[in-house]
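Novice:
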Amino acid sequence: MAGFANAIYSHALFSVYRTFIRKNTVLLTTAFAGAFAFELAFDITSNKVWDSWNQGRQWKDIKHRYVVKEEEDDE
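According to our numbering, the sequence shown is numbered sequentially starting from 288.
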């Protein structure tokens with residue numbers, strides 16, 4: 288049974304190699320796309336964590352207390 292699992296694992300690795308690593312342009316495109324996706328996900332997650340930890344203490348949360356809206360003149 289171990290030989291069968293190794294054969295499937297080997298076939299999966301070969302499929303990954305054949306799909307992503309065989310050509311340099313595909314490898315670089317995959318690396319850049321993965322880095323971009325990771326950076327985007329990391330930024331969104333870190334901003335959400337920051338906002339949840341500092342809720343009520345940021346300018347966007349207390350702005351309404353200090354900014355006075357100008358009244359429109361009806362002339």
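Note that CB positions come from ideal geometry on N, CA and C, so glycine has one too.
What are the boundary residues of the alpha helix (DSSP H) that Gly321 is part of?
Specialist: Judged by DSSP secondary structure, Gly321 falls within the alpha helix (DSSP H) whose first and last residues are 311 to 340.
Novice: Alpha carbon to alpha carbon, how far is Asn311 from Ala292? Give it in angstroms, no decimals.
Specialist: 29 Å
Novice: Between which two residues does the alpha helix (DSSP H) harbouring Ile349 extend?
Specialist: It spans 346 to 353 - the alpha helix (DSSP H) in which Ile349 sits, taken as one unbroken run.
Novice: Could you tell me the distance, in whole angstroms, from the CA atom of Trp339 to the CA atom of Ile349?
Specialist: Sequence inspection shows Ser at residue 339; the Trp mentioned does not correspond to that position. So the two alpha carbons sit approximately 15 Å from each other.
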